[in-house]
Structures are given as structure tokens and as C-alpha cells.
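Structure, as C-alpha cells:
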Ligand SMILES: [Zn+2]
Ligand SMILES: [Zn+2]
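Numbering (the numbering used here), first residue to last: 692 to 856.
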């Protein structure tokens, strides 16, 4: 289906096609190379929480939403642009570069560092549980997800308790 100029600006004509059934794993970028790294990041962080912060109940709606928000904020960081572009290349929508840039997955970057640093918050003595792909700082669990939501670079800090019912 081709949208007409009546709907879109002539420079923005888009062509929509429906893929064949059972072909999404071959041509749908999210299926080809995004969902699995995303699930890996979720799984690694979930395992960390279960092991080190079992009192943080992931099954509680606000906790789960906070966790997904923070992790989605990470995976959408500029740091992962080569990773995100690779899904489109592997699906055949973008040409592969002759020298394909090396990239790291979000789970590797954020959680698989050889040694974690201290939390970047002044006065906090906790070790970081995640390296932020946006500000490159280590953030402890409390300042990532409990007393604050680490959603930089906008530094939108929500005190979780303020929106709990
Ligand atoms: Zn940050
Ligand atoms: Zn901290």
C-alpha cells in the first residue's frame, strides 16, 4: 500500500508492506536482533534484584514499571546506536558497512563490567549495580530505582514514594 500525497508530505511518502506469516524472525528488526538483547538485560537485572534485593518485589506494579522504565531508558541510549542499527542491517533494511563497527549489548555494557565502581551520588557509599550508558556513571540500586529513578540526561528524578498510592 502506498500512502498518497493527500495524507503525507511528498517527501515523506511511505510504503507499507505486510510480511509473510512466520517471516518476522527474518525481516522484523525487533525479532531479528532486539528482543533477545532486551530480554537478556531484563533477565540479568531481575536476577541481580532477586539475589541482592529480595525485599524489592518486582511483581508489584510500580516496582515493575520503574524497573522497565529505567532499563528501557538504558537500551535507548546513544551508546547503543550501533547495536540498534545492527537490527536493521541484519534484517536487510540497511546496508552493512565494510568495517562493521563493534558494539556491545546493553546487558554487557550495563551489567557485565569486570569491576563495578562506586555509586556516583555524592555521599553514597554503595557499589554501583548498573553502569549508565548515558552519563557513564555507576549507580547503586537505591539511587537507580528505589529512592530515585535514574533517568538521565534529563535528570528527571522521581521520588517513588510520591506517586505510590
Ligand atoms: Zn546516567
Ligand atoms: Zn547510590
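Every residue, glycine too, gets a C-beta built ideally from N, C-alpha and C.
Judging by CA-CA distance, which residue of the options is the nearest neighbour of residue i?
i: residue 816; options: 805, 834, 784; result: 834
i: residue 770; options: 708, 841, 826; result: 826
i: residue 773; options: 796, 751, 752, 754; result: 796
i: residue 743; options: 841, 716, 809, 818; result: 818
i: residue 836; options: 786, 719, 739; result: 739
i: residue 831; options: 736, 787, 768; result: 736
i: residue 799; options: 715, 709, 710, 729; result: 729
Going by DSSP, name the residue or residues bridged to residue i.
i: residue 818; result: 809
i: residue 830; result: 821
Am I right that residue i and residue j are in contact with their C-beta atoms under 8 Å? What's the rounded C-beta distance?
i: residue 766; j: residue 821; result: Not really, about 12 Å apart at Cβ, beyond 8 Å.
i: residue 801; j: residue 778; result: Actually they are not in contact, since the Cβ atoms of residue 801 and residue 778 sit about 18 Å apart, beyond 8 Å.
i: residue 761; j: residue 840; result: 6 Å
i: residue 710; j: residue 719; result: 7 Å
Check residue i in the structure and name its three-state DSSP category.
i: residue 725; result: coil
i: residue 787; result: coil
i: residue 743; result: helix
i: residue 714; result: coil
i: residue 793; result: coil
i: residue 768; result: coil
Just to check, is the beta-carbon of residue i closer than 6 Å to a non-hydrogen atom of ligand 4?
i: residue 742; result: In the structure shown, ligand 4 is absent; the only ligands present are ligand 1 and ligand 2.
- For ligand 1, which residues have a Cβ under 5 Å from at least one heavy atom, in chain order? 823, 825, 826, 843
Check each residue's C-beta against every heavy atom of ligand 2 and list, in chain order, those closer than 6 Å.
810, 812, 815, 817, 831, 833, 834
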